[in-house]
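K.L.:
Numbering (our numbering) for the sequence shown: 115 to 200.
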Amino acid sequence: MANTLQAKKRIRRNNRRAEINGARMSRIRSFIKKVETACTEGNKDEAQAALKSAQPEIARGVAKGVLHKNTAARKMSRLSKRVAAL
Numbered sequence: 115m116a117n118t119l120q121a122k123k124r125i126r127r128n129n130r131r132a133e134i135n136g137a138r139m140s141r142i143r144s145f146i147k148k149v150e151t152a153c154t155e156g157n158k159d160e161a162q163a164a165l166k167s168a169q170p171e172i173a174r175g176v177a178k179g180v181l182h183k184n185t186a187a188r189k190m191s192r193l194s195k196r197v198a199a200l
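(1) Please state whether DSSP places Asn157 in a helix, a strand or coil.
(2) Please look up how many angstroms separate the CB atoms of Glu160 and Ala168, rounded, as I've assumed it's under 8 Å.
(3) Quick one: give me the first and last residue of the alpha helix (DSSP H) that Ala186 is part of.
(4) Helix, strand or coil for Asn135, going by three-state DSSP, please let me know.
(5) Measuring straight from C-alpha to C-alpha, what distance separates Glu150 and Met139?
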């Protein structure tokens with residue numbers, strides 16, 4: 115258990131940030147899932163629209179520090195490759 119006031123404050127802050135970051139990651143995963151489901155259904159127009167909305171969301175995750183930039187680049191690359199293959 116934390117003893118100092120600063121350590122207690124950090125615990126409170128870390129819990130708040132974990133909740134925010136978890137929600138952000140969940141949102142990113144939802145956007146990615148929309149692209150993937152559109153791809154599996156073979157709906158190219160829907161997949162392109164979903165990809166267009168997912169890309170800024172993934173980039174925002176990098177800017178906020180919940181995703182590593184290379185991870186985001188890999189995800190965007192793979193998604194766009196799947197959409198292009200339709």
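The beta-carbon is built from N, C-alpha and C at its ideal position, and this holds for glycine as well.
P.N.:
Let me lay it out:
(1) The residue labelled residue 157 in the question sits at position 43 within the sequence shown. It is coil, neither helix nor strand.
(2) Reading the sequence shown from its first residue, position 46 is the one you call residue 160. Reading the sequence shown from its first residue, position 54 is the one you call residue 168. With a Cβ gap of about 12 Å, Glu160 and Ala168 do not count as contacting.
(3) The sequence position of residue 186 within the sequence shown is 72, counting from 1. Note, Ala186: alpha helix (DSSP H), 183-199.
(4) One-based indexing of the sequence shown puts residue 135 at position 21. Reduced to three states, the DSSP call for Asn135 is helix.
(5) As a working mapping, residue 150 is identified with position 36 in the sequence shown. As a working mapping, residue 139 is identified with position 25 in the sequence shown. When rounded, the distance between both Cα atoms is 16 Å.
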